[in-house]
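The sequence shown: position 103 = 87 (the working numbering), numbered continuously. Cβ atoms here follow ideal geometry from the backbone N, Cα and C, with glycine treated the same way.
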Amino acid sequence: MNDKTLCPICGAGHVTDHVEQAEAEYKGHKVQVPSHYQLCDACGSDFAGAAEMRANKRAVMTFRKQVDGLLTGTEIAALRARYKLNQKQAARLFGGGPVAFSKYENDDVAHSEAMDKLLRLVLRSEEAFWALVEQEGMTAELRPAKPAAQIVFARKISSNVITANFGNGGFRPSPTVGMHAYPVADHEGEPQERLWM
């Protein structure tokens, strides 16, 4: 018998995890949220331990953030992933303290309206994100790696259209790149151009 599954009330029965929907109300809004608890098969006691209470609190906090028009923890985590930031970097960049983003993303606490506005701004504007990175002196740390020079072979279709094969996730040539093409011999006899990027 595992002590973790024994009922702390009667000490004889075993507890099992249960989830029911419970009504939560905030600022006149009502919603059903999951309510986690444990139930003893011997004495019938139901109770919430630390893990269940944390899950219940997070469900209510998510609901409250939605009512207040704030980003949820899932949305904040997606923003951080979009810019490839870890939680420590996000805290340095946006503020809020060393473990703030862990708390925001787990819906342990609600962030301020000012923080929400800043996060929404960088969601809408990558330029705003990079301006903030520069302002905070994090450019060297967060700058995307520049790709090494790539050689791209393109086959001429007509006088002003080319198709290109790119390796390693390359990008499309700009008109400027196309104008700086150097002819190379094709191993199959077709005219090709070498584009340097």
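(request) Give the range of the beta strand (DSSP E) segment to which Glu21 is assigned. (result) This sequence places Tyr at residue 21; Glu is not what is there. Note, Tyr21: beta strand (DSSP E), His13 to Cys24.
(request) Could you tell me the distance, in whole angstroms, from the CA atom of Asp92 to the CA atom of Val17? (result) 15 Å
(message) Counting beta carbon pairs with one atom in the stretch 18 to 26 and one in the stretch -5 to 9, are three or more of them shorter than 8 Å?
(response) yes
(message) If I measure Cβ to Cβ from His95 and keep anything under 6 Å in the same chain, skipping five residues before and after, which residues do I get?
(response) Tyr88
(request) Would you identify the three-state DSSP class for Thr58, choosing helix, strand or coil? (result) helix
(request) Pull up the distance between the alpha-carbon of Val83 and that of Ala75, whole angstroms please. (result) 7 Å
(message) Does Cys(-9) pass the burial test, meaning 16 or more other C-beta atoms within 10 Å, or should it be called exposed?
(response) buried
(request) Can you tell me which of the three DSSP states Glu9 falls into? (result) strand
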